[in-house]
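Numbering (our numbering), first residue to last: 3 to 90. By construction, the Cβ of each residue, glycine as well, lies at the ideal position given by its N, Cα and C atoms. Since the structure comes first, as structure tokens, the remarks are kept for the end.
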């Protein structure tokens, strides 16, 4: 995960999520992004082809959680840690 970083405080009404993906066979098929206000955040968007999601609406005074699941063409998956950020 590259942005926002773990426990980062952010401002504004939208956020851009960015991450990096790596696969030993270089056959990444896509990313599933989980995002929400609970540690077990729900699936926000599936089969994302880029390593970012832009302009996600956020609310001040709220803590958000997010993670990314990478999946490749062979059906293998890899799950990131859960990251959190706080909106001022």
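Inset, instruction - Identify whether residue 69 lies in helix, strand or coil by the three-state DSSP scheme. - result: One-based indexing of the chain shown puts residue 69 at position 67. Reduced to three states, the DSSP call for residue 69 is strand.
Legend entry - For residue 22 and residue 39, the rounded distance between their alpha carbons: As a first step, residue 39 must be located in the chain shown, where it is residue number 37. As a first step, residue 22 must be located in the chain shown, where it is residue number 20. Near 22 Å, if we compare the C-alpha coordinates of residue 22 and residue 39.
Inset, instruction - Would you check if the distance between the CB atom of residue 50 and the CB atom of residue 35 is smaller than 8 Å? - result: Within the chain shown, numbered from 1, the residue matching residue 50 stands at position 48. Within the chain shown, numbered from 1, the residue matching residue 35 stands at position 33. Their beta carbons are under 8 Å apart, which means residue 50 touches residue 35 by this criterion.
Legend entry - For residue 93, the residue or residues it bridges with in DSSP: Nothing in the structure corresponds to residue 93, since the chain is present only between 3 and 90.
Inset, instruction - Sort 9, 68, 78, 60 by Cα distance to residue 25 and report the nearest one. - result: If you number the chain shown from 1, residue 25 lands on position 23. If we check each option's Cα against that of residue 25, 78 comes out closest.
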